[in-house]
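For any residue, its number in our numbering is found by taking its place in the sequence shown, counting from 1, and adding 14.
In this text, a Cβ means the ideal position worked out from N, Cα and C, and glycines have one as well.
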Amino acid sequence: MLPSMVAALACGAVGGLYLAAGVAKLRDPDDFLGTVAAYRLLPGGLLAPAAWGLAGLETVLGAMMLTGIAVRWAGLAAALLFGLFAAAMAINVLRGRVNLSCGCLPGLAGARLSWLSVVRTLALVPLALVPVAIGLPGSWLLRGQSLVAGACLLALALSLSHLLSSDGAGEERSA
Numbered sequence: 015m016l017p018s019m020v021a022a023l024a025c026g027a028v029g030g031l032y033l034a035a036g037v038a039k040l041r042d043p044d045d046f047l048g049t050v051a052a053y054r055l056l057p058g059g060l061l062a063p064a065a066w067g068l069a070g071l072e073t074v075l076g077a078m079m080l081t082g083i084a085v086r087w088a089g090l091a092a093a094l095l096f097g098l099f100a101a102a103m104a105i106n107v108l109r110g111r112v113n114l115s116c117g118c119l120p121g122l123a124g125a126r127l128s129w130l131s132v133v134r135t136l137a138l139v140p141l142a143l144v145p146v147a148i149g150l151p152g153s154w155l156l157r158g159q160s161l162v163a164g165a166c167l168l169a170l171a172l173s174l175s176h177l178l179s180s181d182g183a184g185e186e187r188s189a
């Protein structure tokens with residue numbers, strides 16, 4: 015039972031990440047299209063279809079993982095997509111093009127490419143594969159609780175990351 019709950023936590027975290035990222039990209043397609051173009055990996059004619067396709071795929075994968083629908087297929091696709099994102103980042107880091115947005119999530123627009131961002135993205139591959147290897151709990155109640163808890167863990171991790179990366183620009187200084 016415990017391994018399947020861990021798988022559901024992972025599924026909730028990855029699903030929450032993809033759903034949030036996909037919806038944000040669909041809400042501001044021009045911004046995401048600019049991010050895809052800035053990576054300089056695709057010919058101009060493929061930029062718009064790739065941007066729409068990635069945003070749609072992220073949204074669908076996130077919804078599948080959060081609802082527990084075909085999580086093994088969704089987890090495998092999510093892992094492959096993380097690998098693709100890491101490869102795109104690595105190519106640009108190798109080219110010295112690090113002043114690009116990672117294109118990850120809203121609120122992380124200031125996040126620039128680095129080897130750390132490549133490693134962080136690659137670290138999500140095994141997380142996405144946990145539900146593929148283990149499966150979700152049989153109980154719908156446990157499954158739902160674990161999926162929600164995973165999404166909450168993701169929100170906490172993103173909040174902590176945002177707090178740690180802030181430079182204190184909005185803080186008052188005492189005289």
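CB of residue i within 7 Å of CB of residue j, strictly
i, j, result
"A102", "L55", "yes"
"T49", "A100", "no"
"V85", "P145", "yes"
"V28", "L98", "no"
"Y32", "N106", "no"
"A34", "I148", "no"
Contacting residues, own chain, Cβ-Cβ under 6 Å from residue i (five flanking each side not counted)
i, result
"G82", "L150, R157"
"K39", "F46, A69"
"G30", "A165, L168"
"W87", "none"
"A104", "V132"
"C118", "none"
"G152", "none"
"A51", "L61"
Close Cβ partners of residue i (< 8 Å) along its chain, the five nearest in sequence each way excluded
i, result
"R126", "V112, N113, L114, S115, C116"
"L71", "G36, A91, L95"
"P43", "A65, W66, A69"
"A62", "L47"
Buried versus exposed call for residue i [16 or more other C-beta atoms within 10 Å across all chains shown]
i, result
"G76", "buried"
"S173", "exposed"
"P131", "Going by the sequence as given, residue 131 is Ser instead of Pro. Counting Cβ neighbours within 10 Å, S131 comes out buried, since at least 16 surround it."
"L108", "exposed"
"S18", "buried"
"A137", "exposed"
Cutoff 7 Å; reference residue i; Cβ partners in own chain excluding five residues on either side
i, result
"G26", "L80, S160, L161, V162, A163, G164, A165"
"V139", "A93, F96, G97"
"L90", "V146"
"L23", "S160, A163, G164, L167"
"W194", "Any property of residue 194 remains undetermined from this structure, which presents the chain solely from 15 to 189."
"G58", "none"
Beta carbon proximity, residue i to chain D, threshold 7 Å
i, result
"L40", "Here there is only one protein chain, and chain D is not present."
Practice problem: Any chance you could list the alpha helix (DSSP H) runs of at least 4 consecutive residues sitting entirely within the segment 49–82, in chain order? | Solution: 58–81
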